[in-house]
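Peer 1: Below is one structure. I have some questions about it.
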Amino acid sequence: MSLREPSADELERVIAGLYDAALQPGLWPGWQASAARVLGSHTALAAMQDTRTGEVDLLGMHNFNPQAVALYGEYYHKHDLWAQRALARPMTALRSADLCSDEEFARSEIYNELGKPYNDGAFHFVGAVLQVEGHVGSFGFQNPRAAGPFQKRHAEAVQLLVPHLARAMRMRIRLRQAEADRATMLSVLDMVAHGVALVTREARLVHANQAAWALLGKKDGVSLDAKGLFAAAKPGETAALRRLIDECTVPAGGGGVARLTRPSGKRPFEVLVAPLGARGRDDTSHRAVAMVFLRDPEAKPRPVPALLRELYRLTPGEARLAADLLADRSLLEIAEARRLSRETLRTQLKALFLKTGTNRQSELIGFLATGLAVVLRDGGAGGSG
C-alpha cells in the first residue's frame, strides 16, 4: 500500500465506523480494514486487556496471521518494544521511529521470530496505547520495511482518532459489563425450581429458565405456538393469558393469575404474570415486559440436600428422609427402598421434629415444602454439607 495523507472525509468515515463497531463487535474487522486503507497500512490490530484479570479482548485484526496473534498473546506481548515503550506515553499517537531505531527493532526478538516470518515482515508502526477504566487498549497499524516509515501526518491522523478510540473502548467495556450482568441474572433464574419465563407484550418468549423449558416441552396445557408465542391448550385461556401479559405495559396494570387446563387431565398449571421493568407501550415489541411464573401442582417439592443439611443441621440420613417425605413416600415405602428398619426411620423422624420445631409429620412436610431448600432447583445451589 502507498503511504498517503488521509483526507478529512476519509477520517470522518473512519470515526463514524468506529462507533458502529463499538456497538456491534462483529464490525471491528471491517473497521480495521477501512482504517488500514485510509492510513495506507498493510496490517492492523486492535485489542484490549483488563489489567485486573489479564483477560484479553481481541477486537479485530486485518491481514494478521491468526497463528501470530496466538503466539503474541502467549509470549511475545512481553517482549513487544513498541507496546512497552508506548505504554509510558498513553493516549498519544506514536510511530515506531518515536519508540526505537530501525536498527534496534531489526535485532529484536519479536521482529525476527514473529513479525518477519508471520506478518509479511511488519516493521513500521503507527498507533496508540490507551488506558481506560482499568483496561489497556492497543490500536496499531503496521507496514513491511520496504514500504518505508509512517510520516508525522499519519501519527497526526491517528491522534485525531485517539479520543474516539477511548470512547469506543469505554462503550465496549460497559457493554461487556452489561452482557455479563445480564448473563448472571439469567443464570440466577435457572436456579429457581419453578418455571420462569420473560415475554414481550405480544407474549413472545425472550428467555425461559430450565424449569420453564421442561414444562413447555410437555405441551400439556402450556406451550409455544408456531410464532413462538405463549399459548394454552384452550383458545379462551390463551386469550386470557395474553391479556394479562399485555396489561403489564399499562401504568395501572399489574398482571395477574390464571389456571391453565391440561389435556392430560392432570391438575391445571398455576400461572402468575408480573410486570417487568418500566411500564409503557413504547418499544415493547422486542423487549421483555412481563415475567410468567409457572407451577405444576403435580410436581413434588425436590429439596436441595445440601441446603436441608445446612439449614437444619441434619445428618445425611435425616436429610434423605426429609426429601423422601416431601416426595410423598410413606415410612414403609422408604424403609423398603432404603432397607432400613422402621425404628431407625422413627428415630430420624424424631430428630427432624426436634431440629425443625415441628410436632407432626404433616406439619413437618408443610414446613419443609415452603422452606428455602425447595426454592432452588437441585443442582442450582452449593453447599458445604
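Start counting at 1 in the sequence shown, then tack on 34, and there's your number in the numbering used here. For every residue, glycine included, the Cβ atom is placed at its ideal position computed from N, Cα and C.
1. Taking DSSP as the reference, what is the three-state secondary structure of Asp215?
2. For Ser420, which residues does DSSP report across the bridge?
3. Relative to the C-alpha of Asp43, which residue among Arg343, Ala56, Ala191, Arg336 is closest?
4. Buried or exposed for Val408, going by 16 or more other Cβ atoms inside 10 Å?
5. Assess contact between the stretch 264-277 and the stretch 285-299, defined as three or more Cβ pairs (one per stretch) separated by less than 8 Å. Is contact present?
6. For Ala131, collect the residues of the same chain with a Cβ closer than 6 Å to its Cβ; drop the 5 residues on either side in sequence, then sort them by chain order.
7. I need the straight-line Cα distance from Ala69 to Leu341, nearest angstrom please.
8. Tell me whether Pro151 is buried or exposed, calling it buried when 16 or more other Cβ atoms sit within 10 Å of its Cβ.
9. Tell me whether His158 is buried or exposed, calling it buried when 16 or more other Cβ atoms sit within 10 Å of its Cβ.
10. Compute the Euclidean distance between the alpha carbons of Leu402 and Leu310, then round it to the nearest angstrom.
11. Quick check: the Cα distance between Ile144 and Gly60, rounded to an integer number of angstroms?
12. To which residues of the same chain is Arg347 closer than 7 Å at the C-beta, ignoring the five residues directly before and after it?
13. Cutting at 6 Å between CB atoms, please list the residues of its own chain near Pro6, excluding the five before and the five after it.
14. Using CA coordinates, which residue listed in Gly171, Gln101, Pro124, Arg277 is at the minimum distance from Asn153?
15. Go to Pro100, then tell me how far its beta strand (DSSP E) extends in each direction, as first and last residue.
16. What do you reckon, are the CB atoms on Gly229 and Leu328 nearer than 7 Å?
17. Given 8 Å as the limit, is there contact between the stretch 160-169 and the stretch 197-210, that is, 3 or more CB pairs closer than that?
18. I need the DSSP call for Glu304, collapsed to helix, strand or coil.
19. At what residues does the beta strand (DSSP E) containing Arg329 begin and finish?
20. Out of Arg216, Leu105, Ala231, point me to the one whose CA is closest to Met325's CA.
Peer 2: Walking through what the data contain:
1. Residue numbering aside, residue 215 sits at position 181 when the sequence shown is read from its first letter. Here Asp215 sits in helix by DSSP.
2. Outside the shown range of the chain (35 to 419) lies residue 420, about which nothing can therefore be said.
3. Counted from its first residue, the sequence shown places residue 43 at position 9. The shortest Cα separation from Asp43 among Arg343, Ala56, Ala191, Arg336 belongs to Ala191.
4. Residue numbering aside, residue 408 sits at position 374 when the sequence shown is read from its first letter. The residue in question, Val408, is buried, as its Cβ has 16 or more Cβ neighbours within 10 Å.
5. Pairwise C-beta distances place the stretch 264-277 in contact with the stretch 285-299, as three or more of them are shorter than 8 Å.
6. As a first step, residue 131 must be located in the sequence shown, where it is residue number 97. Pro183.
7. By one-based count along the sequence shown, residue 69 stands at place 35. By one-based count along the sequence shown, residue 341 stands at place 307. Distance between the alpha carbons of Ala69 and Leu341: 56 Å.
8. Locating residue 151 in the sequence shown gives position 117, where the first residue counts as 1. Classification of Pro151: exposed, given that the 10 Å Cβ count is below 16.
9. As a first step, residue 158 must be located in the sequence shown, where it is residue number 124. By the neighbour-count rule (16 or more Cβ atoms within 10 Å), His158 is buried.
10. Taking the first residue of the sequence shown as position 1, residue 402 is located at position 368. Taking the first residue of the sequence shown as position 1, residue 310 is located at position 276. Their backbone Cα atoms lie some 30 Å apart in a straight line.
11. Residue numbering aside, residue 144 sits at position 110 when the sequence shown is read from its first letter. Residue numbering aside, residue 60 sits at position 26 when the sequence shown is read from its first letter. Going by the C-alpha atoms only, they are around 29 Å apart.
12. Translated into positions along the sequence shown, residue 347 becomes position 313. Counting only Cβ-Cβ distances below 7 Å, and skipping sequence neighbours, we find Lys389.
13. What is shown of the chain runs 35 to 419, which leaves residue 6 out entirely.
14. Reading the sequence shown from its first residue, position 119 is the one you call residue 153. Nearest of Gly171, Gln101, Pro124, Arg277 to Asn153, Cα basis: Gln101.
15. Taking the first residue of the sequence shown as position 1, residue 100 is located at position 66. Counting along the chain, Pro100 falls outside any beta strand (DSSP E), though it belongs to the alpha helix (DSSP H) covering 100-108.
16. By 1-based counting over the sequence shown, the position of residue 229 is 195. By 1-based counting over the sequence shown, the position of residue 328 is 294. The answer is yes: Cβ separation under 7 Å.
17. yes
18. What you label residue 304 is simply residue 270 of the sequence shown in a count that begins at 1. Here Glu304 carries a strand assignment [DSSP, helix/strand/coil].
19. Residue mapping note: residue 329 aligns to position 295 of the sequence shown, counting from 1. That run of the beta strand (DSSP E) goes 324-329.
20. The sequence position of residue 325 within the sequence shown is 291, counting from 1. Nearest of Arg216, Leu105, Ala231 to Met325, Cα basis: Ala231.
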